[in-house]
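No gaps in the numbering here: position 641 of the sequence shown is 641 in full-length UniProt numbering, and each next residue is one more.
The C-beta atom is built at its ideal place from N, Cα and C for all residues, glycine as well.
All of these numbers come straight from a predicted model, not from anything done at the bench.
Take a look at the structure set out below.
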Amino acid sequence: MRRKAIECFAPKKTREKGLVATLQELDKILILNVYQAKELLVRYCINYETGEHEYWKQQHGWRKGGILNALNEDWRNWEWRFYNNYPKLQKEDTDRIKELIKQCVWHDSPWERINRLEHSYNSEIRERCETNRKMKLMNLMRKVPGRPKNLREWFFEQAAGEDYMFRNRETKEFVCTNCGESSWPEEIKRQDGEKKIRHNDMVFCPSCGKLVRAKTRTDHIEQKWKSCYLIQPVDEDTSVLRIIEAKVGWDNGRHYVEFGDEIRILLYKVYSNRKLKKTYMIYYEDSWDGWTKGNRKNLRAREGYLYPGEFGQILDGTTYSEATRVLEHLSKTGMELNYNRLVAGTGQMKGYAQKIEYLAKGRFWNLLRDTIGCTDYPGYPTQYYGPLDMREESIEGMFRIQDRQKINRIRDEHGGNRMVRWMQHSDETGQKISKETVQWMIKNEIEPSGIRELEKYMSPQKIMNYIERQKKEQYAGMTAEAVLEEYKDYLSMCEACCKNMADEMVYRPRELKRRHDEVVIDQQQIQILKELENNAEGKEAYAQEMRQKFPEAEEILKEIKSRYEYEDEEYKIIVPNTLVDIVKEGRALHHCAGSSERYFDRIESRETYICFLRRQEALRIPFYTIEVEPGGTIRQHRSYYDEEPGIEEIRVFLKEWQKVIRKRLTEEDRKLAKISKVKREANIAELKEKNNTRVLQGLAEDFLEAEELEAV
Numbered sequence: 001m002r003r004k005a006i007e008c009f010a011p012k013k014t015r016e017k018g019l020v021a022t023l024q025e026l027d028k029i030l031i032l033n034v035y036q037a038k039e040l041l042v043r044y045c046i047n048y049e050t051g052e053h054e055y056w057k058q059q060h061g062w063r064k065g066g067i068l069n070a071l072n073e074d075w076r077n078w079e080w081r082f083y084n085n086y087p088k089l090q091k092e093d094t095d096r097i098k099e100l101i102k103q104c105v106w107h108d109s110p111w112e113r114i115n116r117l118e119h120s121y122n123s124e125i126r127e128r129c130e131t132n133r134k135m136k137l138m139n140l141m142r143k144v145p146g147r148p149k150n151l152r153e154w155f156f157e158q159a160a161g162e163d164y165m166f167r168n169r170e171t172k173e174f175v176c177t178n179c180g181e182s183s184w185p186e187e188i189k190r191q192d193g194e195k196k197i198r199h200n201d202m203v204f205c206p207s208c209g210k211l212v213r214a215k216t217r218t219d220h221i222e223q224k225w226k227s228c229y230l231i232q233p234v235d236e237d238t239s240v241l242r243i244i245e246a247k248v249g250w251d252n253g254r255h256y257v258e259f260g261d262e263i264r265i266l267l268y269k270v271y272s273n274r275k276l277k278k279t280y281m282i283y284y285e286d287s288w289d290g291w292t293k294g295n296r297k298n299l300r301a302r303e304g305y306l307y308p309g310e311f312g313q314i315l316d317g318t319t320y321s322e323a324t325r326v327l328e329h330l331s332k333t334g335m336e337l338n339y340n341r342l343v344a345g346t347g348q349m350k351g352y353a354q355k356i357e358y359l360a361k362g363r364f365w366n367l368l369r370d371t372i373g374c375t376d377y378p379g380y381p382t383q384y385y386g387p388l389d390m391r392e393e394s395i396e397g398m399f400r401i402q403d404r405q406k407i408n409r410i411r412d413e414h415g416g417n418r419m420v421r422w423m424q425h426s427d428e429t430g431q432k433i434s435k436e437t438v439q440w441m442i443k444n445e446i447e448p449s450g451i452r453e454l455e456k457y458m459s460p461q462k463i464m465n466y467i468e469r470q471k472k473e474q475y476a477g478m479t480a481e482a483v484l485e486e487y488k489d490y491l492s493m494c495e496a497c498c499k500n501m502a503d504e505m506v507y508r509p510r511e512l513k514r515r516h517d518e519v520v521i522d523q524q525q526i527q528i529l530k531e532l533e534n535n536a537e538g539k540e541a542y543a544q545e546m547r548q549k550f551p552e553a554e555e556i557l558k559e560i561k562s563r564y565e566y567e568d569e570e571y572k573i574i575v576p577n578t579l580v581d582i583v584k585e586g587r588a589l590h591h592c593a594g595s596s597e598r599y600f601d602r603i604e605s606r607e608t609y610i611c612f613l614r615r616q617e618a619l620r621i622p623f624y625t626i627e628v629e630p631g632g633t634i635r636q637h638r639s640y641y642d643e644e645p646g647i648e649e650i651r652v653f654l655k656e657w658q659k660v661i662r663k664r665l666t667e668e669d670r671k672l673a674k675i676s677k678v679k680r681e682a683n684i685a686e687l688k689e690k691n692n693t694r695v696l697q698g699l700a701e702d703f704l705e706a707e708e709l710e711a712v
């Protein structure tokens, strides 16, 4: 675009008002001067042969852009989408534009022709840029050296190293994948000296003499895909980390290695690429577009093997040069690692390569793999998220462990990140943790943070033994981690229920499942009691209402208190002081004793009494409500939601209680007992008449127990 010439070419003015445009020509450039109320807004210029276009405004000068940008830089405004709203042109100007711009259009408007010419030019420019980009990238990729000639043999030795002899099912011959020769079974010698060739026996190939593994049940084997890493020079400014997918396989008479380039990471020399301001660029193989920045196939770097090379020369000048020594060491040892993460960590963290080198040369093999696995790629919020402190220079500081023996123990027991956390915990607390305990914790994926709250009750060793026992006896089929969570949940609820946590029977129950279920009920009941206590006015009003309806009931409860209360080491029978206590009990246990006045009416008439059964360890917490006749016969015993937890033990206690009651009864009590029995039988007859089988079935269990006692 001839900017200077256009600026010297004075704009053609207009005499018309409103939004209008005048046309000028300069060689092959059309100049549209757009006016608003005779004031020049913009000069739009377009080459009618090539389609190149720009516009000029007084406030900012020249800019790249089309007619929409020129007319309104916020061109997404729909006002400019309708050509009737575009600037008006003289007829001769319109005809001249149509004559010069011969674009095929659907709307007979000069502005449509301009838009089409712009679109054609922009498409051509984009296509040309994309072609140039691809050619530039293709030329760069052509500079990447080919694969080493011995790469297949090297990778086979690293990833597999062994061969097989497959048996032909038809001829019964064995074919060696190392030499390709066939042998009869009688010609093959087993390593252990036996004669019959079995599946997976180690044998010697008669042809090549190599020790191979015999296969009688299959005729081919394939490994999973792994990664082969190559670090190579590209040119004086660039190196490349190639990630090649590789798979080893064996079939009839051969072994093979399949390769396919997946990812190429260009590593730039910092001192010669200052204009780029990039240290790397990643390209992915694409079946349609060749090498591209887009990862349409979702390719990922796997763990694999690094081919040896002169990494000092290749990485010199890049931000990854610190990794030279550790890469050379690991490539010689043949460690299977994610070398992409290792190189990425070197470029992000100062001293990272030295830490990895220490782990590699110190034979911390599993920790080395875990550390590299916890190294993130550039662009992620964290650079490293493992248990080590990669900023520290000392070994103790890096491990966060002051005792070197514990650090050596991690190496000797082939520990990884989990073991580091357990040794850090041991060093912090001063506890000695056995090898068996650490291995059990690691196997069950239990971290030190998972038992930290439990250590005030038991050591890690005891926790392991306790969880294993509960898993075997109470939680068959559950994982140890799930049982541990159940135990922690139980302790948390015990603390909430204000239980004596110093008592071993509380913090270490023999039957965890049963005690867990009980404490769940306790916690629910405590919550209900709190809600009742909070409503003091409602409670007092209800108590006064009950006293008016049943004026003698509370006096009767006080009178029988000494005869009917009883306790042993585990349980206690309590006679309530007021009718409100019965209401609270019924609401806490969610049964009908607190919501039906018929029980108060029975107390008033001395037909039955209501008593509470509590556990000695939690006397404040409702457990069972007992409806008892004056003679000691129990009509009902109900717990939370009419359930009956531990009913067999409860019935033993209730029978003992009945025996004690019978010795305390007065003559008046015995008379009342006979009357109560008659009313009970009448009630049962009525239920039978109404065919209320559900209630009858529930009552029958309790009545049976009382009748058996009377018969004795």
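Counterpart residues of residue i in DSSP-defined beta bridges
i, result
"Thr319", "In DSSP, Thr319 forms no bridge with anything."
"Asn72", "None; Asn72 has no bridge partner."
"Gly61", "Lys57"
"Tyr164", "Arg213"
"Gln636", "Glu627"
"Glu643", "DSSP, once it has assigned bridges, lists no residue as partnering Glu643."
"Thr22", "Asn33"
"Ala246", "Lys226, Phe259"
Cβ distance (whole Å) where residue i is taken to contact residue j below 8 angstroms
i, j, result
"Glu222", "Gly253", "At roughly 16 angstroms, the Cβ-Cβ gap does not stay under 8 angstroms, so Glu222 and Gly253 are not in contact."
"Glu627", "Arg635", "5 angstroms"
"Arg113", "Ile101", "4 angstroms"
"Tyr55", "Ala70", "4 angstroms"
"Tyr352", "Met390", "6 angstroms"
"Glu629", "Ala685", "With a Cβ gap of about 17 angstroms, Glu629 and Ala685 do not count as contacting."
"Gly416", "Leu367", "5 angstroms"
"Pro148", "Ser183", "Incorrect: roughly 33 angstroms between the Cβ atoms, too far for contact."
"Ile603", "Ala553", "5 angstroms"
Beta-carbon spacing of residue i, residue j below 9 angstroms
i, j, result
"Cys179", "Lys143", "no"
"Tyr229", "Leu306", "yes"
"Leu266", "Ile244", "no"
"Glu16", "Tyr121", "no"
"Leu579", "Tyr640", "no"
"Arg400", "Pro387", "yes"
"Arg43", "Pro11", "yes"
"residue 792", "Asp163", "Given a span of 1 to 712 for the chain in the structure shown, any question on residue 792 remains unanswerable."
"Glu137", "Gly290", "It is Leu, not Glu, that sits at residue 137 in the sequence shown. In contact: Leu137 and Gly290 (Cβ atoms closer than 9 angstroms)."
"Met607", "Ser676", "Reading off the sequence, residue 607 comes out as Glu, not Met. Yes."
"Met478", "Glu486", "yes"
"Val67", "Glu130", "The sequence as given places Ile at residue 67; Val does not occur at that position. No, Cβ-Cβ distance for Ile67 and Glu130 is not below 9 angstroms."
"Gly65", "Gln36", "no"
"Gly304", "Ser227", "yes"
"Leu26", "Arg3", "no"
Close-in-space but distant-in-sequence residues of the same chain around residue i (CB under 7 angstroms, 5 per side omitted)
i, result
"Trp78", "Any reading at Trp78 needs caution, since the residue's pLDDT is 47, under 50, leaving its predicted position unreliable; the model's value is listed next. Result list for Trp78: empty, nothing under 7 angstroms."
"Tyr566", "Ile573, Trp657, Val660"
"Thr324", "Phe311, Gly312, Leu315"
"Ala593", "Ile582, Glu585, Gly586, Tyr599, Ile610, Thr625"
"Thr292", "Tyr283, Tyr284, Asp286"
"Met349", "Gln383, Tyr384, Met390"
"Ile433", "Trp422, Ser426, Pro460"
Contact set for residue i: own chain, Cβ-Cβ below 6 angstroms, skip 5 residues either direction
i, result
"Leu299", "Glu262, Ile263, Tyr284"
"Tyr86", "Trp111"
"Met464", "Thr437, Trp440"
"Ala706", "Residue placement at Ala706 is flagged as unreliable, the pLDDT there being 44, under the threshold of 50; the coordinate-derived value follows with that caveat. Within the same chain, Ala706 has close Cβ partners Thr633, Ile634."
"Tyr475", "Val483"
"Gln232", "Pro145, Val240"
Contacting residues, own chain, Cβ-Cβ under 8 angstroms from residue i (five flanking each side not counted)
i, result
"Cys208", "Cys176, Asn178, Cys179, Glu181"
"Thr216", "Arg167, Ile197, Arg198, His199"
"Lys224", "Lys247"
Inter-stretch contact (C-beta, 8 angstroms, three-pair minimum) for the region 176 to 191 and the region 146 to 158: The region 176 to 191 is not in contact with the region 146 to 158.
Touch test, the region 641 to 655 against the region 562 to 577, Cβ-Cβ under 8 angstroms, three pairs minimum: By the Cβ rule, the region 641 to 655 counts as touching the region 562 to 577, because three or more pairs are nearer than 8 angstroms.
Given 8 angstroms, three or more beta-carbon pairs between the region 371 to 385 and the region 339 to 350: yes
Segment contact flag, the region 443 to 450 with the region 420 to 432, C-beta cutoff 8 angstroms, min 3 pairs: yes
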